[in-house]
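Have a look at the structure below before the remarks.
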Amino acid sequence: MRPDAFGGVWSEVLNEADRVLVARLEREASGEGEGEDEVLQGMLALMDLACPSAAEGNLTQAVTSLVLCETLALRL
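In terms of my numbering, the sequence shown opens at residue -15 and continues consecutively.
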């Protein structure tokens, strides 16, 4: 798939997913979560790689990070 497909929406979607993860991690830190801090931290680190990669048009790197992120998400 071409990086410019869908008008560059990949970066926007990943940035929104990153915001959701940050919010969930903050909830976890406040004690309202379900003990998922370690998994969420790992997912956030991978999203931090995927977001800029998508913005640069490097979808291969973005997808690789997302596959690893999905593997971690299975632990939730």
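Idealized CB from N, CA, C, for every residue including glycine.
- The three-state reading of DSSP puts residue 60 in coil, since its state is none of H, G, I, E or B.
- For the alpha helix (DSSP H) assignment, the uninterrupted runs of no fewer than 4 residues enclosed by the segment 21 to 56 are, from N- to C-terminal side, 21 to 39.
- A straight-line Cα-Cα distance of about 26 Å links residue 11 and residue 46.
- Contact check for residue 38 against residue -5 passes: the beta carbons are separated by less than 8 Å.
- With fewer than 16 other beta carbons inside 10 angstroms of its own, residue 3 counts as exposed.
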